[in-house]
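Q: Using this note's numbering, the first residue of the sequence shown is number -6, and each one after it goes up by one. Glycine included, every Cβ here is placed at the ideal spot set by N, Cα and C. Bear in mind the structure is a predicted one, so any value in this text is a computation, not a measurement. Following this message is one structure expressed as structure tokens.
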Amino acid sequence: MTDAVGSIDTPDAQDELSDAKRPRKGGKRAKKGPLKRLATFYRQIIAELRKVVWPTRNQLTSYTTVVIVFVVIMIGLVTVIDYGLNHAAKYVFG
């Protein structure tokens, strides 16, 4: 069965030739030394950190408050469940 491009069962002949003709090269990384690559890496880190939208002080305090309140509620919930299961186990097993 064929379509407008070619056979479904076999890949196009141009794709096979283009992969075989292209020599593999190391690219730009092979030409630079390890220190230059490390410097480039750190420059890219700094460039990405400049793109980050940092929270304001009010947002940071509200987020921190929400997290602390949630953690305290979860600690209380786990404590109550643990206390209840402890007493249930003592009641059942004597």
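For PRO48 and TYR35, which I take to be in contact (beta-carbon distance under 8 Å), what is that distance rounded to the nearest angstrom?
A: With a Cβ gap of about 24 Å, PRO48 and TYR35 do not count as contacting.
Q: Name the two residues that bound the continuous alpha helix (DSSP H) containing PRO48.
A: Careful: PRO48 lies outside any alpha helix (DSSP H) and carries neither H nor E.
Q: Output yes if chain C places a C-beta closer than 7 Å to the C-beta of GLY77; else output no.
A: The displayed structure is made up of one protein chain only, and chain C is not part of it.
Q: Can you give me the start and stop residues for the alpha helix (DSSP H) that LYS29 sits inside?
A: Per DSSP, LYS29 belongs to the alpha helix (DSSP H) from 27 to 44.
Q: Indicate the three-state DSSP secondary structure (helix, strand or coil) for GLY77 in the structure shown.
A: helix
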